[in-house]
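Numbering (my numbering), first residue to last: 1079 to 1333.
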């Protein structure tokens, strides 16, 4: 089932951890989640990874979070406690692995929300027809999430429902700034900041449930391109709203 791990890392040389290139984040994620002998060049990967961060409650330690999307198998990252890992020229010992998860059915069972706010904590961008798009476009956000959900969930969303959500969801507010990032394929421009998305109260219940599930899924999957390289790290705030069921069902009966 979908899972998220928080790895507490101790620098082996005792120095403060420094920034890690996206390619090195990707390499470590592949080694941890796919095994050292696997082919790491596949175009589609069932995981995401955050940038390396200072651990907020453990001075001198670093924190790395990985998300896992495959509904069938779950790697045993707890077996890495005490082992050494490498990020570029930096070596760390894994001190602790904290895990949390939510099944796809559990995400689908969340109470429907009308709006969510997403904080884009690492550089985020989208690619379309060979171009990169550094904006939190609602259609691109939820198309990307729907594609990743359907690639790994045992209960995929029907394509007509994804289309209806894509045509319904709105970007209602945002405060973002452009930000550069260098990946192996070259220089990209993305964005950082936050954005609020919403579906109208008149939207049917199925659309509201898909909107809610995919929004929460963003914390596991990331948003946009190169989420396997530390890009698109997202935190989601979802206020619990009332009246959705009555409004949505009434709207459906009136059509």
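Don't be surprised by glycine CBs; every beta carbon is placed ideally from N, CA and C.
Rounded to the nearest angstrom, what separates residue i and residue j at their Cα positions?
i, j, result
"residue 1167", "residue 1097", "11 Å"
"residue 1195", "residue 1274", "4 Å"
"residue 1281", "residue 1191", "11 Å"
"residue 1116", "residue 1109", "The predicted model places residue 1116 with a pLDDT of 49, which falls under 50 and marks its position as unreliable, so this point remains unresolved."
"residue 1231", "residue 1206", "24 Å"
"residue 1118", "residue 1317", "Only weak support is given to the placement of residue 1118: the predicted model assigns it a pLDDT of 47, under 50, and the value that follows is read from those uncertain coordinates. Spanning the two alpha carbons is a distance of roughly 38 Å."
"residue 1315", "residue 1291", "13 Å"
"residue 1089", "residue 1270", "28 Å"
"residue 1237", "residue 1220", "12 Å"
"residue 1111", "residue 1302", "21 Å"
"residue 1308", "residue 1202", "9 Å"
"residue 1146", "residue 1304", "15 Å"
"residue 1184", "residue 1296", "14 Å"
"residue 1177", "residue 1084", "6 Å"
"residue 1200", "residue 1131", "11 Å"
"residue 1293", "residue 1253", "18 Å"
"residue 1214", "residue 1261", "20 Å"
"residue 1174", "residue 1159", "6 Å"
"residue 1092", "residue 1233", "46 Å"
"residue 1266", "residue 1212", "9 Å"
"residue 1259", "residue 1209", "15 Å"
"residue 1306", "residue 1136", "25 Å"
"residue 1182", "residue 1228", "11 Å"
"residue 1125", "residue 1310", "12 Å"
"residue 1172", "residue 1279", "46 Å"
"residue 1188", "residue 1107", "29 Å"
Quick check on DSSP: helix, strand or coil for residue i?
i, result
"residue 1235", "coil"
"residue 1146", "strand"
"residue 1188", "coil"
"residue 1133", "coil"
"residue 1116", "Its pLDDT being 49, under 50, residue 1116 is placed unreliably by the model, and nothing is read from it."
"residue 1089", "strand"
"residue 1163", "strand"
"residue 1301", "coil"
"residue 1181", "coil"
"residue 1345", "No answer is possible for residue 1345: the residues shown for the chain start at 1079 and end at 1333."
"residue 1309", "coil"
"residue 1246", "helix"
"residue 1206", "strand"
"residue 1152", "coil"
"residue 1293", "helix"
Residue i and residue j: beta carbons closer than 8 Å?
i, j, result
"residue 1285", "residue 1217", "no"
"residue 1257", "residue 1268", "yes"
"residue 1250", "residue 1277", "no"
"residue 1122", "residue 1143", "no"
"residue 1170", "residue 1272", "no"
"residue 1086", "residue 1139", "yes"
"residue 1224", "residue 1082", "no"
"residue 1299", "residue 1244", "no"
"residue 1186", "residue 1103", "no"
"residue 1235", "residue 1222", "no"
What residues match up with residue i in a beta bridge as DSSP calls it?
i, result
"residue 1261", "1264"
"residue 1176", "1084"
"residue 1252", "1273"
"residue 1140", "1087 and 1132"
"residue 1193", "1276"
"residue 1240", "Paired residue(s): none; residue 1240 is not in a bridge."
"residue 1314", "1196"
"residue 1169", "1164"
Give a yes or no on whether the minimum CB-CB distance between residue i and chain B is below 8 Å.
i, result
"residue 1127", "Of the protein chains in the structure, only one exists, and it is not chain B."
Can residue i be considered in contact with the ligand FMN, in the sense that its beta carbon sits closer than 7 Å to one or more heavy atoms?
i, result
"residue 1174", "In the structure on display, the ligand FMN does not appear, and there are no ligands present to speak of."
Determine contact between the stretch 1086 to 1104 and the stretch 1149 to 1158, defined as no fewer than three beta-carbon pairs at a distance below 8 Å. Counting C-beta pairs with one atom in each stretch, the stretch 1086 to 1104 and the stretch 1149 to 1158 have fewer than three that are closer than 8 Å, which means they do not touch.
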